[in-house]
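Chemist: Below is the structure I would like to discuss, written out as C-alpha cells.
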Amino acid sequence: MYAFPDPLAARSRWKTTADSLNAQQPKEEIIQTFKDGRTRVRVLQSKAVSGSVRNTGRNLISHYIGHLHRTHRALGDKAFEGGEPGLLTNRVELAKLWGCSERTAYAHLEKLREAGLIESRRFRGTRADFEIYLSTEILFGRKEGEKRVESPVFQMPTAATPTQILQNLPLNNASINQGNIETEIIKGSGKVENRATNQGNTLQGNNNQGNTERQQPPLKPATTSQLIVTVTKGAGGTAAGSVDNSRPGKGQRTAAQRQAIFEGYLTSFWIYAKQLLYSGRNFSKIEENQALQEIAQGVYRNFNVDFTEKEWDEYQTELFKRLELAAGYYQRHADRYPPDPYSKFRPGTGYFCQENERGFRNTDNWLAANRTAYRTAYVTQRLSLAIRHLQQHPQGRAPKRLQAKTYLEAFRYLEDQMKKYGQNIHEKFLAAASAVSQAPAKTEGFTKRIQTKK
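When we follow our numbering, the leftmost residue of the sequence shown carries the number 11, and every step to the right adds one.
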C-alpha cells in the first residue's frame with residue numbers, strides 16, 4: 011500500500027532547505043556615515059528564499075499532499091506505480107489559492123524551482139496548464155536512487171476480530187421488517203420467532219442481494235439454540251404453528267447472519283476511516299482491537315438500536331458521508347490531525363468516543379448543516395428559475411411547455427410548484443410575480459441615452 015508523506019516532516023525539511031540556502035548567501039558590509047562624522051558598519055545579507063516564498067512553499071506542500079490523497083482514493087495504488095503523480099494546475103488557480111496576482115504566482119514558482127522544492131514542471135497541451143512535481147527528498151526525506159517505502163497492507167487482527175467483539179456485546183432485540191414478515195430475537199434465549207401478519211400475502215424475498223457490506227454466511231440448518239417458529243393465525247385468531255428445525259423461514263435472518271451483517275458494518279467503517287483519516291499510520295493488533303471496540307460502542311451503540319435493515323443501511327451511508335466531511339476538514343487544515351481513534355490517556359478522549367463532543371460525534375452537526383445549506387440553495391435556485399420563466403413568458407422565450415399556456419395558467423403552474431417548498435418561498439414568489447406583472451413592457455432593440463447640458 012502506498013505510504014503518504016508526513017506533512018509536518020515535509021514542511022520541516024522545506025524550512026531546513028530554505029534556511030540553508032539563505033545562510034549561503036554572501037554578506038556585504040556597508041559603512042554608514044552620519045552628519046556629525048560618526049560611522050557605523052552594517053552587514054547586509056540577501057535572502058535566496060524570502061518569507062513570502064517560504065509560505066508559498068508550505069502551502070504548495072499541503073496542497074500537493076492533498077492531491078496525492080485524492081488521487082489514491084480515486085485510482086488506488088496503480089496511480090503511483092510510475093512515481094508520484096503531478097499536480098495539474100495553472101497560474102490562475104495558484105493565484106486564487108495563494109491570494110496573490112498571477113505574475114506573483116509565476117515568480118514564486120520560479121523561486122521554488124530554483125530552491126529545489128519543485129523538481130520539474132511539464133506543460134500539458136498548452137502553455138496555460140502544467141503539471142508540478144515536488145522533490146521526493148523534501149516530501150519523503152528520500153534521496154535520489156532510493157526505493158520507495160511501501161506501507162503494509164491492512165489485515166484484520168487475529169487476536170480480536172469484529173465477530174469476537176460483537177459476541178461479547180448484549181443480545182440485540184431489534185426487529186427486522188421485510189414485507190409482511192417480522193423477525194425478532196427472543197431476548198435471552200437465542201430463539202427467532204416469525205410472526206406473519208397476513209397469511210394470504212406473498213412473502214418478500216431477500217432485499218440485500220448484491221450488498222457488498224453484508225458478507226453474510228449461507229443459510230445453514232438451525233441448531234437447538236436457534237429454533238425457527240412459524241406462527242400462523244387461523245380463522246378464530248388462535249395461533250396454530252409448527253416448528254421447523256431444518257432451515258430458517260423465508261425472508262428471515264438467523265443469529266449468525268445478523269452477526270455477519272453487523273461485522274460487515276463495523277469492518278467496512280474502520281477500513282474506510284483508516285483510508286481517509288489515518289492513511290499514513292500503522293496500527294498494532296492491540297490498537298486495532300481498541301479502535302474496533304471504541305467504534306462499536308461510540309458509533310454503533312453496540313448495535314442495541316431498534317433499527318430495521320433498511321435503516322441500518324441508511325445509517326451506514328450517513329457514517330461514510332460523515333467520514334468524508336471529517337477527511338475534507340483535515341485536508342483543508344493541514345496543520346491539524348485527527349486524534350487517536352480510541353481513548354489513550356484519559357477516558358472519553360478518543361476520536362470515536364461518544365463522550366467526545368469535538369470528535370466524530372460533531373460531524374453529525376456538519377452533515378445536518380450541509381443538508382440544510384443544500385436545501386436552501388436548491389430552493390433559492392428553483393425560485394429564481396420560476397421568476398425568470400415568468401419574465402420570459404410575455405416575450406415568447408419561456409420553455410415550450412410553459413409557453414404553450416396562457417400567462418395566468420403559467421403563473422398558477424409555477425405557483426403550485428412553489429407551494430411545495432413552504433409558505434415563505436410561496437410568499438416570495440407572489441411578491442416577485444406581482445412585480446413582474448406590474449413592470450413596463452420592454453421593447454427589444456437599440457436604446458441610447460442622450461444627456462443634455464443644463
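Every residue, glycine too, gets a C-beta built ideally from N, C-alpha and C.
How long is the line joining the alpha carbons of Ser-185 and Arg-371, rounded to whole angstroms?
Modeler: The count along the sequence shown starts at 1 and reaches residue 185 at position 175. The count along the sequence shown starts at 1 and reaches residue 371 at position 361. Any reading at Ser-185 must be qualified, since the residue scores a pLDDT of 41, below 50, and its modelled position is unreliable; the value itself is stated next. Ser-185 and Arg-371: Cα-Cα distance of roughly 26 Å.
Chemist: Reducing DSSP to helix, strand and coil, say where Ser-130 ends up.
Modeler: To locate residue 130, count along the sequence shown from 1; it is residue 120. Ser-130 falls in the strand class under three-state DSSP.
Chemist: Taking all protein chains shown into account, decide if Asn-211 is buried (16 or more other Cβ within 10 angstroms of its Cβ) or exposed.
Modeler: By 1-based counting over the sequence shown, the position of residue 211 is 201. Low per-residue confidence applies at Asn-211: pLDDT is 38, beneath 50, and the placement is therefore not dependable enough to give any value.
Chemist: Measuring only the C-alpha atoms, how far is Ala-13 from Gly-76?
Modeler: Looking up residue 13 in the sequence shown gives position 3. Looking up residue 76 in the sequence shown gives position 66. Answer to the nearest angstrom: the Cα atoms are 13 Å apart.
Chemist: Between the segment 48-65 and the segment 28-39, do at least 3 Cβ pairs fall closer than 8 Å?
Modeler: The answer is yes - the segment 28-39 touches the segment 48-65, with three or more Cβ pairs under 8 Å.
Chemist: Check whether the segment 275-293 and the segment 328-340 touch, using three or more Cβ-Cβ pairs below 8 Å as the test.
Modeler: In short, these stretches touch, since the Cβ pair count reaches three.
Chemist: Rounded to a whole number of angstroms, what is the C-alpha to C-alpha distance between Val-389 and Leu-400?
Modeler: Within the sequence shown, the letter at position 379 stands for residue 389. Within the sequence shown, the letter at position 390 stands for residue 400. Roughly 17 Å separates the two Cα atoms.
Chemist: Going along the chain, which residues of its own chain have a beta-carbon closer than 7 Å to the beta-carbon of Glu-112, five neighbours each way excluded?
Modeler: Translated into the one-based positions of the sequence shown, residue 112 becomes position 102. Hits under 7 Å: Arg-101, Val-102 and Ala-105.
Chemist: Taking the alpha-carbon of Ser-30 as reference, which of Ala-117, Glu-419, Arg-48 and Gly-126 has the nearest alpha-carbon?
Modeler: By 1-based counting over the sequence shown, the position of residue 30 is 20. Of Ala-117, Glu-419, Arg-48 and Gly-126, the residue nearest in Cα terms is Gly-126.
Chemist: What's the call for His-73, buried or exposed, on a 16-neighbour Cβ count within 10 Å?
Modeler: Locating residue 73 in the sequence shown gives position 63, counting from the first residue. Its Cβ being crowded by 16 or more others within 10 Å, His-73 is buried.
Chemist: So if DSSP puts Gln-55 in a beta bridge, which residue, or which two residues, is it bridged to?
Modeler: Here residue 55 refers to the residue found at position 45 when the sequence shown is read from its first residue. Gln-55 is bridged to Lys-37.
Chemist: With a CB to CB cut of under 7 Å and the five nearest residues on each side skipped, what residues in its chain are close to Val-51?
Modeler: Sequence index remark: in the sequence shown, residue 51 carries index 41 (1-based). Around Val-51: Glu-39 and Ile-41.
Chemist: Between Lys-25 and Asn-375, what straight-line distance do the alpha-carbon atoms span, to the nearest angstrom?
Modeler: Counted from its first residue, the sequence shown places residue 25 at position 15. Counted from its first residue, the sequence shown places residue 375 at position 365. Roughly 37 Å between the two C-alpha positions.
Chemist: Using the rule of at least 16 other Cβ atoms within 10 Å of the residue's Cβ for burial, across every protein chain shown, is Pro-17 buried or exposed?
Modeler: One-based indexing of the sequence shown puts residue 17 at position 7. That one is buried.
Chemist: How do the segment 394-413 and the segment 357-368 stand: do at least 3 beta-carbon pairs fall below 8 Å, yes or no?
Modeler: No, the segment 394-413 does not touch the segment 357-368.
Chemist: Would you check if the distance between the CB atom of Asp-350 and the CB atom of Gly-360 is smaller than 8 Å?
Modeler: Residue 350 sits at position 340 when you count from the first residue of the sequence shown. Residue 360 sits at position 350 when you count from the first residue of the sequence shown. Yes.
Chemist: In chain order, what residues of the same chain have a beta carbon less than 6 Å from the beta carbon of Ala-420, not counting five sequence neighbours either side?
Modeler: For the purposes of this step, residue 420 is identified with residue 410 of the sequence shown, where counting begins at 1. Excluding residues within five positions, the ones whose Cβ falls inside 6 Å are His-403 and Leu-412.
Chemist: Could you give the DSSP three-state label for Asp-374: helix, strand or coil?
Modeler: The count along the sequence shown starts at 1 and reaches residue 374 at position 364. It is helical.
Chemist: Straight-line CA distance for Ser-87 to Glu-94?
Modeler: In the sequence shown, the residue the question calls residue 87 occupies position 77. In the sequence shown, the residue the question calls residue 94 occupies position 84. The residue you asked about is not Ser; residue 87 is Asp in the sequence shown. Cα to Cα, Asp-87 sits roughly 10 Å from Glu-94.
Chemist: Cutting at 7 Å between CB atoms, please list the residues of its own chain near Leu-377, excluding the five before and the five after it.
Modeler: To locate residue 377, count along the sequence shown from 1; it is residue 367. For Leu-377, where only same-chain residues beyond five positions count, the Cβ hits under 7 Å are Glu-328, Lys-331, Arg-332 and Leu-335.
Chemist: Locate the beta strand (DSSP E) running through Thr-99, then write down its first and last residues.
Modeler: Here residue 99 is taken as the residue at index 89 of the sequence shown, counted from 1. Taken as a continuous stretch (DSSP letters only), the beta strand (DSSP E) holding Thr-99 covers 97-100.
Chemist: Tell me the DSSP secondary structure of Thr-49 in three-state form.
Modeler: For the purposes of this step, residue 49 is identified with residue 39 of the sequence shown, where counting begins at 1. Strand at Thr-49.
Chemist: Just how far apart, CA to CA, sit Ile-71 and Asp-323?
Modeler: As a position in the sequence shown, residue 71 is number 61, starting the count at 1. As a position in the sequence shown, residue 323 is number 313, starting the count at 1. For Ile-71 and Asp-323, the distance between alpha carbons rounds to 38 Å.
Chemist: Any idea if His-118 is buried or exposed, counting beta-carbon neighbours within 10 angstroms, 16 or more meaning buried?
Modeler: In the sequence shown, counting from the first residue as 1, residue 118 sits at position 108. Buried, because 16 or more other Cβ atoms sit within 10 Å of the Cβ of His-118.
Chemist: Taking the continuous beta strand (DSSP E) assigned at Glu-8, which residues delimit it?
Modeler: There is simply no residue 8 to check, as the chain begins at 11 and stops at 464 in what is shown.
Chemist: From Phe-131 to Leu-144, what does the alpha carbon distance come to, in whole angstroms?
Modeler: As a working mapping, residue 131 is identified with position 121 in the sequence shown. As a working mapping, residue 144 is identified with position 134 in the sequence shown. Reading off the sequence shown, one finds Arg at residue 131, where the question assumed Phe. Taking the straight line joining both Cα atoms gives about 9 Å.
Chemist: Name the one or two DSSP bridge partners that Gln-42 has.
Modeler: By one-based count along the sequence shown, residue 42 stands at place 32. DSSP output for Gln-42 lists Arg-50 as bridge partner(s).
Chemist: Answer with buried or exposed for Ile-296, where buried requires no fewer than 16 other C-beta atoms within 10 angstroms of its C-beta.
Modeler: If you number the sequence shown from 1, residue 296 lands on position 286. So Ile-296 ends up on the exposed side.
Chemist: Grouping DSSP H, G and I as helix and E and B as strand, with all else coil, what is Asn-299?
Modeler: Walking along the sequence shown from the start, residue 299 turns up at place 289. Reduced to three states, the DSSP call for Asn-299 is helix.
Chemist: Quick one: Cα of Arg-23 to Cα of Ala-306, how far?
Modeler: Numbered from its first residue, the sequence shown carries residue 23 at position 13. Numbered from its first residue, the sequence shown carries residue 306 at position 296. Going by the C-alpha atoms only, they are around 39 Å apart.
Chemist: Which same chain residues end up closer than 8 Å to Ala-19 when comparing Cβ atoms and leaving out the 5 residues on each side of it in sequence?
Modeler: Taking the first residue of the sequence shown as 1, we reach residue 19 at position 9. The residues are Gly-151.
Chemist: Taking Cβ to Cβ, would you say Thr-141 is nearer than 8 Å to Leu-98?
Modeler: Numbered from 1 along the sequence shown, position 131 holds the residue referred to as residue 141. Numbered from 1 along the sequence shown, position 88 holds the residue referred to as residue 98. Note that residue 141 is Glu in the sequence shown, not Thr. A contact, by the Cβ cut-off of 8 Å.
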